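J.: Got a structure here, written out as structure tokens. Questions coming.
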Amino acid sequence: MTEETAYLARAVTGLSVAGSGLPTAYRRDQVRCARCATALRAGDRVTVLLRRGSEGWRPASFRCADDAPTELVSLTSVHGDDQALVAATLEPTGDFDPEEGFDPDALTLGGVEVREYSGVDSVGDGRE
Ligand SMILES: [Zn+2]
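To convert, count from 1 in the sequence shown and add 305; that's our numbering.
Next up, the structure:
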């Protein structure tokens, strides 16, 4: 693991997959595989496409273990954005949302392994 990927892994570990910054379909326990629509739950090993916006890294889509892509390009054709592909385990830790308060049902990313990233000059998460 390079210094950059280690930093990225730290930046996204504990990231909520149910926050208000996400599409409605990904909130609470509605996390589904983008290919086969299997519901993904706590304890599942998943592959996550992340994009970095003004609020830092956010999950953009998920894949179940059976549909795990091997390369970033197989998930998206969009270039120019900061993107990362990581393997992670969904953990039932709950998460604090500034607007909605603590959500005990929120899942977060644990055991993060960076597969690939692109467009990343500095992989900080922007949350000082
Ligand atoms: Zn799937």
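All C-beta atoms in this analysis are idealised placements derived from N, C-alpha and C, irrespective of residue type, glycine included. Remember, it's a predicted structure, so these values are computed and weren't measured experimentally.
Ignore the nearest five residues each way along the sequence and tell me which others in Val-425's own chain have a CB closer than 6 Å to its CB.
T.: Note that Val-425 scores 48 on pLDDT, short of 50, meaning its location in the model is unreliable and no value can be drawn from it.
J.: Drop a sphere of 10 angstroms on the beta-carbon of Thr-413, count the other beta-carbons inside from all chains shown, and report buried for 16 or more, exposed for fewer.
T.: The residue is buried, with at least 16 neighbouring Cβ atoms inside 10 Å.
J.: Could you give the distance in angstroms between the alpha-carbon of Thr-318 and the alpha-carbon of Trp-362?
T.: Rounded to whole angstroms, Thr-318 to Trp-362 spans 10 Å at the Cα level.
J.: Since Gly-360 sits in a beta bridge, which residues does DSSP pair it with?
T.: In the sequence as presented, Gly is not what sits at residue 360; that position holds Glu. Paired residue(s): none; Glu-360 is not in a bridge.
J.: Name the residue from Arg-337, Ser-359, Arg-368 and Cys-341 whose alpha carbon lies nearest to the alpha carbon of Phe-351.
T.: Note that residue 351 is Val in the sequence shown, not Phe. Checking every option, the nearest Cα to that of Val-351 belongs to Arg-368.
J.: Does the distance from the C-beta atom of Ala-365 to that of Leu-355 stay below 8 Å?
T.: Yes, they are a contact pair.
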